[in-house]
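Okay, structure first, notes after.
Numbering (the UniProt record's numbering), first residue to last: 1 to 369.
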């Protein structure tokens, strides 16, 4: 076993999920994440946690959803056996590692949306655990990134095996600016968007539940915007629901998407926006700060954390960003899309430029004043 796999497992169990003796842990394992699952299981055993491993496959999901759709049945709401499992779970670890990144591409959008809507309580029960999602570098992910397998593994571990404490200290600067701010304006080619952030709490997403962060790798600061006005272009190509989307354009008024288009995949965007009322509003503004990620790989887990990027998510807002008396935007979806801010761009907070052409004002070569 590559030593980096055991390092990955240690970071996941110790730093990210903060697993303790006696914790009930559900380990969801993708088809090609076997080696990482073995290393995680070993680490959980050393910790004295209680392990239940489950199998997660896009092909299984596809078979179930298409067959269910063929019978023209409604999905049962929040099946009790799965909800009961999660209600007794302390830690939920998801190890991505499928064999086909487009395994569910031919599942109709309305079927996907119906399935997600019917599982709202199950989703909330999982969010109530110390949940963390990560990915084992697989050949399918390397192929999707257009990289050789060995090259992709090096890339993935550069992003995952970071000095997370040092990065957390750097990202704390951006968190403080967002926490103290009232409005964010993002300007770049095809984008001039203003979002309210007053009363929100930004998350310093340093790959640990101790920071309200649930991804490994991570390396972003995010908050829950409101009152969005203007237009935005997402110029980073990506795969959504098994289909490629390119140059997505959204127009907002009074917080809602009022118009949309895309050079490719516009129908996918339409399906997402039609999922429910909350899908037409933003649930997240995220600023990528992980410079260990230096290229796009068509994998949102990595791409949204990349330095020189900003991402916005349609749909659900995370409770960690919201005041205790506010529920925020509610939706069955949370779909991230990315814009490149490395050139001809600026990010303002209350009229003050804090990032210009991808560089933050505290970085030595920054143009932001």
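Built from N, CA and C at the ideal position, the CB exists for glycine as well. All values reported here derive from a predicted model rather than from experimental measurement.
Reduced DSSP category for residue i - H, G, I as helix; E, B as strand; rest coil
{"i": "residue 238", "result": "strand"}
{"i": "residue 338", "result": "strand"}
{"i": "residue 99", "result": "coil"}
{"i": "residue 88", "result": "coil"}
{"i": "residue 219", "result": "coil"}
{"i": "residue 289", "result": "coil"}
{"i": "residue 311", "result": "strand"}
{"i": "residue 356", "result": "strand"}
{"i": "residue 19", "result": "coil"}
{"i": "residue 132", "result": "strand"}
{"i": "residue 160", "result": "helix"}
{"i": "residue 143", "result": "helix"}
{"i": "residue 260", "result": "strand"}
{"i": "residue 325", "result": "coil"}
Exposure label - residue i; buried when at least 16 CB within 10 Å
{"i": "residue 95", "result": "buried"}
{"i": "residue 264", "result": "exposed"}
{"i": "residue 220", "result": "buried"}
{"i": "residue 168", "result": "buried"}
{"i": "residue 54", "result": "exposed"}
{"i": "residue 224", "result": "buried"}
{"i": "residue 131", "result": "buried"}
{"i": "residue 370", "result": "The first residue shown for the chain is 1 and the last is 369, placing residue 370 beyond what the model contains."}
{"i": "residue 34", "result": "exposed"}
{"i": "residue 52", "result": "exposed"}
{"i": "residue 1", "result": "exposed"}
{"i": "residue 271", "result": "buried"}
{"i": "residue 92", "result": "buried"}
{"i": "residue 324", "result": "exposed"}
{"i": "residue 180", "result": "exposed"}
{"i": "residue 73", "result": "exposed"}
{"i": "residue 278", "result": "buried"}
Distance, residue j Cα to residue i Cα
{"i": "residue 140", "j": "residue 15", "result": "27 Å"}
{"i": "residue 111", "j": "residue 300", "result": "22 Å"}
{"i": "residue 322", "j": "residue 284", "result": "11 Å"}
{"i": "residue 361", "j": "residue 192", "result": "20 Å"}
{"i": "residue 260", "j": "residue 237", "result": "16 Å"}
{"i": "residue 154", "j": "residue 216", "result": "15 Å"}
{"i": "residue 370", "j": "residue 188", "result": "Only positions 1 to 369 of the chain appear in the structure, and residue 370 is not among them; the question remains open."}
{"i": "residue 105", "j": "residue 351", "result": "42 Å"}
{"i": "residue 166", "j": "residue 66", "result": "46 Å"}
{"i": "residue 143", "j": "residue 339", "result": "23 Å"}
{"i": "residue 90", "j": "residue 129", "result": "5 Å"}
{"i": "residue 45", "j": "residue 158", "result": "26 Å"}
{"i": "residue 121", "j": "residue 83", "result": "7 Å"}
{"i": "residue 266", "j": "residue 346", "result": "27 Å"}
{"i": "residue 97", "j": "residue 12", "result": "15 Å"}
{"i": "residue 247", "j": "residue 137", "result": "27 Å"}
{"i": "residue 18", "j": "residue 43", "result": "12 Å"}
Beta-carbon proximity of residue i to residue j, cut-off 9 Å
{"i": "residue 197", "j": "residue 182", "result": "yes"}
{"i": "residue 200", "j": "residue 186", "result": "no"}
{"i": "residue 68", "j": "residue 75", "result": "yes"}
{"i": "residue 103", "j": "residue 61", "result": "yes"}
{"i": "residue 239", "j": "residue 298", "result": "yes"}
{"i": "residue 337", "j": "residue 174", "result": "no"}
{"i": "residue 222", "j": "residue 202", "result": "yes"}
{"i": "residue 8", "j": "residue 160", "result": "yes"}
{"i": "residue 86", "j": "residue 37", "result": "no"}
CB contact below 9 Å: residue i versus chain C
{"i": "residue 341", "result": "Here chain C cannot be found, since the structure has a single protein chain."}
Would you check if the stretch 306-316 and the stretch 288-298 touch, i.e. whether three or more CB-CB distances between them fall below 8 Å? yes
Could you tell me whether the stretch 104-122 touches the stretch 144-152, where touching means 3 or more Cβ pairs closer than 8 Å? The answer is no - the stretch 144-152 does not touch the stretch 104-122, with fewer than three Cβ pairs under 8 Å.
Taking three-plus beta-carbon pairs below 8 Å as touching, is the stretch 21-38 in contact with the stretch 55-71? Flag = yes, the stretch 21-38 and the stretch 55-71 touch.
Segment contact flag, the stretch 344-360 with the stretch 226-234, C-beta cutoff 8 Å, min 3 pairs: By the Cβ rule, the stretch 344-360 does not count as touching the stretch 226-234, because fewer than three pairs are nearer than 8 Å.
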